[in-house]
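Written below as structure tokens is the structure these notes are about.
Pasting the structure below:
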């Protein structure tokens with residue numbers, strides 16, 4: 142049961158990490174263009 146909950150948490154966290162990395166990439170691009 143605990144492993145199932147952990148897997149669900151990972152599936153929820155993955156997109157959040159992806160969004161954070163995406164935002165960091167956008168910020169880096171903005172700094173380069175200006």
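Numbering (this note's numbering), first residue to last: 142 to 175. Just so you know, even glycine gets a beta-carbon here, dropped at the ideal spot from N, CA and C. Quick caveat: nothing in here was measured; it's all calculated off a predicted structure.
CB-CB under 6 Å to residue i, same chain, minus the five flanking residues each way: which ones, in chain order?
i: residue 147; result: none
i: residue 173; result: none
Counting only the same chain and skipping the five closest in sequence on each side, list residues whose C-beta sits under 8 Å from that of residue i.
i: residue 160; result: none
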